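Under the working numbering, the first residue of the sequence shown is numbered 983, with each subsequent residue one higher.
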Amino acid sequence: MIRLRILKPAALACAASLTLANPLLAKPKYGATATVAKNFNPATVKTYTWTPGRPSTDKAIDAKIIAAVDKELTSVGLQPATGGTGDVLVTYYSISRTDVDVKAKPDEKGLRPEHTVGSLVVALLDPASRKPAVQLRIDKPIERTDIEGSINTLVPELFTKYPGKDAKKP
């Protein structure tokens, strides 16, 4: 019986310290990031071709994301390939999730505030290997009632991380 009394609080303290130290359980970070392959030179990329990824299941949202990405690719100096495959393949992946603010006080029903978060990844792939040359990612709270507005805000913010953006403006 004594062993259980000692082990139980020790196990709880250990579990609590692991929970606090676990970065997966930390407060989510919102914003845009870029991962760029070491050998990627943005100056050599002039054209692109779309390739399937994990698009939105809503065709209207899919079309709006593609249009917004096309606009931003043009702003960094890329053009759609007119014949054959472009210098890079472009794809995107999108998901939404619900984040719960576990540090907030529960309301009268015991519920904590929830935020809908959109995650969008735009990847430029090497056409030969299909490995990512550039991967841009943004995670931000969005308004489900204004998906188009969210797309028109998130995609330009995402492309602020495009490598060499200032140097490529036409």
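Glycine residues also receive a C-beta, built at the ideal position from the N, C-alpha and C atoms.
All values derive from a computational prediction rather than experimental measurement.
Own chain, CB closer than 7 Å to residue i, minus 5 neighbours either side, in chain order
| i | result |
| --- | --- |
| Ile1043 | Ile1129 |
| Ile1133 | Lys1046, Ile1047 and Ala1050 |
| Glu1054 | Val1137, Pro1138 and Phe1141 |
| Ala1086 | Arg1094 and Pro1095 |
Beta carbon of residue i nearer than 9 Å to that of residue j
| i | j | result |
| --- | --- | --- |
| Thr1029 | Thr1064 | yes |
| Ala1105 | Tyr1144 | no |
| Asp1069 | Pro1109 | yes |
Same chain, Cβ closer than 8 Å to residue i, five either side skipped, listed in chain order
| i | result |
| --- | --- |
| Arg1079 | Thr1098, Val1099 and Ser1101 |
Own chain, CB closer than 6 Å to residue i, minus 5 neighbours either side, in chain order
| i | result |
| --- | --- |
| Pro1037 | Asp1044 |
| Thr1039 | none |
| Arg1126 | Thr1098 |
Presumed contact (8 Å Cβ cut-off) between residue i and residue j, rounded CB distance
| i | j | result |
| --- | --- | --- |
| Leu1118 | Ala1016 | 5 Å |
| Thr1026 | Thr1067 | No, Thr1026 and Thr1067 are not in contact; Cβ-Cβ is about 15 Å, not under 8 Å. |
| Ile1120 | Gly1013 | 7 Å |
| Thr1033 | Leu1071 | 4 Å |
Residue-level contact to chain D via CB, residue i, 9 Å cutoff
| i | result |
| --- | --- |
| Ala1063 | Looking for chain D here will not work: only one protein chain is present. |
- Task: Kindly provide the ranges of any beta strand (DSSP E) runs that are 3 or more residues long and lie completely inside the stretch 1020-1099, ordered along the chain.
- Result: Taking only runs of at least 3 residues, the beta strand (DSSP E) segments lying wholly in the stretch 1020-1099 are 1029-1032 and 1070-1082.
- Query: Are the stretch 1079-1096 and the stretch 1108-1118 touching by the rule of at least three beta carbon pairs closer than 8 Å?
  - Reply: A contact between stretches requires three or more CB pairs, one per stretch, nearer than 8 Å, and the stretch 1079-1096 fails this requirement with the stretch 1108-1118.
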